[in-house]
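Undergrad:
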Amino acid sequence: MTLCSDTLPPLAETRPQEDYAKVAETIRFIGENWRRQPSVEEMAEAAALSEAHLRALFRRWAGLSPKAFLEALTLRHARALLGGETSLLDASLSLGLSGPSRLHDLFVTHDALTPGEYKRGGEGLEMRYGFHPSPFGEAILVATERGLAGLGFVDGARAEALDDLRRRWPKARFSLDDAATANFARRAFDPAEWRPDRPLRLVLIGSEFDVSVWEALLDIDMGRATTYGAIARRLGKPGAARAVGASVGRNPVSFIVPCHRVLGASGALTGYHWGLTRKQAIIGWEAGRLAPVPAESEA
1 MTLCSDTLPP LAETRPQEDY AKVAETIRFI GENWRRQPSV EEMAEAAALS
51 EAHLRALFRR WAGLSPKAFL EALTLRHARA LLGGETSLLD ASLSLGLSGP
101 SRLHDLFVTH DALTPGEYKR GGEGLEMRYG FHPSPFGEAI LVATERGLAG
151 LGFVDGARAE ALDDLRRRWP KARFSLDDAA TANFARRAFD PAEWRPDRPL
201 RLVLIGSEFD VSVWEALLDI DMGRATTYGA IARRLGKPGA ARAVGASVGR
251 NPVSFIVPCH RVLGASGALT GYHWGLTRKQ AIIGWEAGRL APVPAESEA
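Under this note's numbering, the sequence shown has 1 at position 1, and the numbering climbs by one with no breaks.
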């Protein structure tokens with residue numbers, strides 16, 4: 001079965017999965033103490049690292065200083081992004097970046113199963129799955145001959161992550177094949193592989209409404225944010241924000257179909273199927289991809 005420029009070092013030259021464990025620990029500490037904006041010294045102590053090691057960790061993993069990363073996660077900043085929003089495409093506000101934000105978005109193309117195929121619950125589909133390292137912890141990827149169909153994360157047992165995706169297509173045939181999904185993992189998570197001339201092909205498997213929501217998510221540039229209500233308005237269903245939220249929660253291809261870029265109307269990060277800590281990590285990591293900051297001393 002044949003399955004279908006960044007200034008930071010390629011993924012293979014770093015240790016992103018190992019770094020993520022410490023980053024997640026720091027994010028949880030920040031979340032518990034966000035009102036007082038903890039110092040770098042306090043963040044380092046919580047992660048059991050020296051300040052120098054914490055700064056090196058965040059620059060290696062995200063291309064940002066710890067303070068810049070913290071700022072990317074503030075409610076104040078999120079509200080500023082959403083302050084003048086009137087539609088998904090016209091007024092979801094940028095982090096102040098333009099051209100580079102297209103790098104990630106241009107490398108994806110997609111297809112979708114027909115409603116009839118979806119209603120058969122995956123019957124007749126051969127699903128190859130594998131487990132791979134990522135900047136956000138261990139990932140599980142599921143692929144068909146038509147493209148990448150699923151991407152999730154492992155927080156407990158691998159079997160739990162597999163079951164989460166298997167429930168979406170209960171009649172499909174699943175088989176473990178790390179080799180079949182390795183190329184998808186590399187091209188999903190390594191910015192050096194984000195090439196418009198070799199787009200990563202997705203296959204979206206969901207209801208007609210779900211697919212329309214996921215396609216709207218694909219239109220949100222890296223470095224931008226939108227709300228559930230804005231997506232509903234774009235789809236011509238202004239009263240369907242809750243239904244949009246449910247579809248966003250069912251997104252089977254996390255990170256690539258960027259449901260993490262959807263915020264609450266207040267600017268709050270709200271929930272995320274793979275955990276709020278991971279949503280915060282992805283948002284901060286993307287900020288670093290777009291605008292890594294020069295080294296500086298921090299108090």
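Each residue gets a CB set at the ideal place from its N, CA and C atoms; glycine is no exception.
1. Using only the alpha-carbon positions, how far apart do residue 182 and residue 32 sit?
2. By Cβ distance, which residues of its chain are closer than 7 Å to residue 143, with the 5 residues on each side in sequence left out?
3. Under 6 Å Cβ to Cβ from residue 261, same chain only, skipping five residues before and after it: list those, please.
4. Does the distance from the C-beta atom of residue 169 to that of residue 204 stay below 8 Å?
5. Apart from the five residues on each side of it in sequence, which residues of its chain come closer than 7 Å, Cβ to Cβ, to residue 276?
6. In this structure, does DSSP put residue 98 in helix, strand or coil?
7. Excluding five sequence neighbours on each side, which residues of the same chain lie with their C-beta closer than 6 Å to the C-beta of residue 241?
8. Could you round the C-beta distance between residue 23 and residue 57 to whole angstroms and report it? I think they count as a contact, below 8 Å.
9. Expressed to the nearest angstrom, what Euclidean distance is found between the alpha-carbon atoms of residue 72 and residue 131?
10. Identify the continuous alpha helix (DSSP H) that holds residue 127 and give its terminal residues.
11. Is residue 87 buried or exposed, if buried means 16 or more other CB atoms sit within 10 Å of its CB?
12. Could you name the residues of the same chain whose beta carbon sits closer than 8 Å to that of residue 49, not counting the 5 residues immediately before and after it, in chain order?
13. Indicate whether residue 201 and residue 110 have their beta-carbon atoms separated by less than 8 Å.
14. Does residue 109 come out as helix, strand or coil in the three-state DSSP assignment?
15. Mark residue 119 as exposed unless 16 or more other C-beta atoms lie within 10 angstroms of its C-beta, in which case mark it buried.
16. For residue 245, which of helix, strand or coil comes out of DSSP?
17. Based on the DSSP secondary-structure assignment, which residues constitute the bridge partners of residue 262?
18. In angstroms with no decimal places, state the Cα-to-Cα distance between residue 102 and residue 151.
19. Could you give the distance in angstroms between the alpha-carbon of residue 38 and the alpha-carbon of residue 267?
20. Residue 194: buried (16+ other C-beta within 10 angstroms of its C-beta) or exposed?
21. Do you know whose CA, among 265, 289 and 214, lies nearest residue 300's CA?
22. Return helix, strand or coil for residue 144, following the three-state DSSP convention.
23. In terms of residue numbering, what span does the beta strand (DSSP E) encompassing residue 203 cover?
24. What separation, rounded to the nearest whole angstrom, lies between the Cα atoms of residue 162 and residue 140?
25. Thinking just about the alpha-carbon of each residue, which of 259, 286 and 287 is nearest to the one in residue 274?
26. Spatial neighbours of residue 171 within its chain, please: C-beta separation below 6 Å, excluding the five flanking residues on both sides.
27. Please report the straight-line C-alpha distance between residue 93 and residue 222, rounded to a whole angstrom.
28. Hey, residue 257 and residue 112: beta-carbon distance below 8 Å or not?
29. Around the Cβ of residue 59, are there at least 16 other Cβ atoms within 10 angstroms (buried) or fewer (exposed)?
30. Please report the distance separating the alpha-carbon of residue 157 from that of residue 164.
31. Could you compute how far the alpha carbon of residue 216 sits from the alpha carbon of residue 209?
32. Quick one, are the C-beta atoms of residue 16 and residue 133 less than 8 Å apart?
TA: Taking the coordinates as given:
1. Walking along the sequence shown from the start, residue 182 turns up at place 182. Walking along the sequence shown from the start, residue 32 turns up at place 32. Going by the C-alpha atoms only, they are around 36 Å apart.
2. Here residue 143 refers to the residue found at position 143 when the sequence shown is read from its first residue. The answer, listed in chain order, is 3, 128, 149, 180, 181 and 184.
3. Indexing the sequence shown from 1 puts residue 261 at position 261. Only 220 and 225 meet the Cβ criterion.
4. Start at 1 with the first residue of the sequence shown, and residue 169 comes out as number 169. Start at 1 with the first residue of the sequence shown, and residue 204 comes out as number 204. In this structure, residue 204 does not lie closer than 8 Å to residue 169 by Cβ.
5. Along the sequence shown, read from residue 1 onward, the residue named residue 276 stands at position 276. Cβ neighbours of residue 276 beyond the five flanking positions: 269.
6. Reading the sequence shown from its first residue, position 98 is the one you call residue 98. Its pLDDT being 38, under 50, residue 98 is placed unreliably by the model, and nothing is read from it.
7. Here residue 241 is taken as the residue at index 241 of the sequence shown, counted from 1. Counting only Cβ-Cβ distances below 6 Å, and skipping sequence neighbours, we find 228, 229 and 232.
8. For the purposes of this step, residue 23 is identified with residue 23 of the sequence shown, where counting begins at 1. For the purposes of this step, residue 57 is identified with residue 57 of the sequence shown, where counting begins at 1. Right, the Cβ-Cβ distance comes to about 7 Å (below 8 Å), so this counts as a contact.
9. For this step, residue 72 is matched to residue 72 along the sequence shown. For this step, residue 131 is matched to residue 131 along the sequence shown. Each residue's alpha carbon lies about 29 Å from the other.
10. The count along the sequence shown starts at 1 and reaches residue 127 at position 127. Note, residue 127: premise wrong, no alpha helix (DSSP H); beta strand (DSSP E) at 126-132.
11. If you number the sequence shown from 1, residue 87 lands on position 87. A caution first: residue 87 carries a pLDDT of 33, below 50, which makes its placement in the model unreliable, though a value can still be read off. Its Cβ having fewer than 16 others within 10 Å, residue 87 is exposed.
12. Reading the sequence shown from its first residue, position 49 is the one you call residue 49. Same-chain partners within the cutoff: 22 and 57.
13. Within the sequence shown, numbered from 1, the residue matching residue 201 stands at position 201. Within the sequence shown, numbered from 1, the residue matching residue 110 stands at position 110. Going by C-beta atoms, residue 201 is nearer than 8 Å to residue 110.
14. Within the sequence shown, numbered from 1, the residue matching residue 109 stands at position 109. The answer is strand: DSSP assigns residue 109 an E or B state.
15. In the sequence shown, residue 119 corresponds to position 119, counting from 1. Exposed, since its Cβ has fewer than 16 Cβ neighbours within 10 Å.
16. As a working note, residue 245 is residue 245 in the sequence shown. In the structure shown, residue 245 sits in a helix (DSSP, three-state: H, G or I).
17. Residue 262 sits at position 262 when you count from the first residue of the sequence shown. Per DSSP, 226.
18. Residue mapping note: residue 102 aligns to position 102 of the sequence shown, counting from 1. Residue mapping note: residue 151 aligns to position 151 of the sequence shown, counting from 1. Note that residue 102 scores a pLDDT of 46, beneath 50, so its modelled location is shaky; the value from the coordinates is reported in the next line. Using only the alpha carbons, I get a separation of about 21 Å.
19. Position 38 of the sequence shown holds residue 38. Position 267 of the sequence shown holds residue 267. Cα to Cα, residue 38 sits roughly 21 Å from residue 267.
20. Along the sequence shown, one-based indexing puts residue 194 at 194. Label assigned to residue 194: buried.
21. The first residue shown for the chain is 1 and the last is 299, placing residue 300 beyond what the model contains.
22. Translated into the one-based positions of the sequence shown, residue 144 becomes position 144. Here residue 144 sits in strand by DSSP.
23. Indexing the sequence shown from 1 puts residue 203 at position 203. From DSSP, the beta strand (DSSP E) with residue 203 extends over 200-204.
24. Stepping through the sequence shown from its first residue, residue 162 is reached at position 162. Stepping through the sequence shown from its first residue, residue 140 is reached at position 140. Between residue 162 and residue 140, the C-alpha separation is close to 7 Å.
25. Numbered from 1 along the sequence shown, position 274 holds the residue referred to as residue 274. Minimum Cα distance to residue 274 is reached at 259.
26. As a position in the sequence shown, residue 171 is number 171, starting the count at 1. If we look at residue 171 and ignore the five residues flanking it on each side, its Cβ neighbours are 121, 122 and 123.
27. Here residue 93 is taken as the residue at index 93 of the sequence shown, counted from 1. Here residue 222 is taken as the residue at index 222 of the sequence shown, counted from 1. Note that residue 93 has pLDDT 32, beneath the 50 cutoff, so the model's placement of it is unreliable and the number below is only indicative. Taking the straight line joining both Cα atoms gives about 11 Å.
28. As a position in the sequence shown, residue 257 is number 257, starting the count at 1. As a position in the sequence shown, residue 112 is number 112, starting the count at 1. Against a cut-off of 8 Å, the Cβ pair of residue 112 and residue 257 comes out as no contact.
29. Along the sequence shown, one-based indexing puts residue 59 at 59. Buried.
30. Here residue 157 refers to the residue found at position 157 when the sequence shown is read from its first residue. Here residue 164 refers to the residue found at position 164 when the sequence shown is read from its first residue. Going from the Cα of residue 157 to the Cα of residue 164 covers about 11 Å.
31. For the purposes of this step, residue 216 is identified with residue 216 of the sequence shown, where counting begins at 1. For the purposes of this step, residue 209 is identified with residue 209 of the sequence shown, where counting begins at 1. Cα-Cα distance, rounded: 11 Å.
32. Translated into the one-based positions of the sequence shown, residue 16 becomes position 16. Translated into the one-based positions of the sequence shown, residue 133 becomes position 133. Against a cut-off of 8 Å, the Cβ pair of residue 133 and residue 16 comes out as a contact.
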